[in-house]
Every structure is written in structure tokens, then in C-alpha cells.
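Offset between the sequence shown (1-based) and our numbering: plus 36. Cβ coordinates follow ideal geometry from the N, Cα and C atoms, glycine included. All values derive from a computational prediction rather than experimental measurement.
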Amino acid sequence: SVVDHGPGIPAEVRDRVFERFTQLGPTSTRKQGGTGLGLAIVRGLVSALGGTVRLKDTPGGGATFEVWIPKAPPDAPSGQHKRSNDEE
């Protein structure tokens with residue numbers, strides 16, 4: 037998980053923070069730059085691996101992002117693997 041102790045993410049925009057180009061707050065007062073792609077990329081990669089990303093409040097202020105990825109993708113074959121030159 038990643039823990040942030042900043043101003044937090046208001047409940048009304050939590051569903052949107054994983055969308056591309058979403059930024060919170062006015063860009064003119066930001067100390068850091070950005071394009072609003074980071075969380076969209078995280079969600080896309082984690083989803084492709086069969087996992088999930090969850091956003092929670094951080095006690096004392098801020099946000100916590102929890103990432104869960106299974107040990108093996110859901111469509112991964114189980115058992116023994118064969119090389120293409122193995123005899124059947």
C-alpha cells in the first residue's frame with residue numbers, strides 16, 4: 037500500500053481519480069506537476085494482472101492506496117508446463 041498524509045481525496049471525486057487526466061485542485065497552486073495519468077496507469081496494469089486497487093482514508097488525513105495482485109493471473113495454466121519441443 038501507499039500512504040499519503042496530504043489533504044486527502046474528497047468522497048465526491050473518489051470514483052474519478054482513476055480516470056485518465058484527472059487532477060485534484062487548481063493546477064496554478066500545485067507544487068508538483070503532473071498529467072493525471074499515474075493512477076489510471078496503476079489501475080490498468082493491476083487490472084491486467086487480475087488484481088484490484090482500493091482507495092481508503094488515512095487516519096489523521098490523507099489517502100491510502102492498497103494494491104492487490106494475485107500470485108498468478110486468473111487465466112494462467114496450472115500444473116506442468118510443456119516446451120514446444122517436448123514430446124507428447
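For E48, the three-state secondary structure derived from DSSP is helix.
Excluding sequence positions up to five before and after G44, its CB lies within less than 8 Å of the CB of D93, T94, G97, G98, A99, all in the same chain and listed in chain order.
The bridge partners DSSP lists for L75 come to none. For the 7 Å CB-CB criterion, G72 and Q59 form a contact.
DSSP places A99 inside the beta strand (DSSP E), whose first and last residues are 99-104. Non-local C-beta neighbours of V82 in its own chain, meaning closer than 7 Å and more than five positions away in sequence, comprise T88, V89, V103, I105, ordered along the chain.
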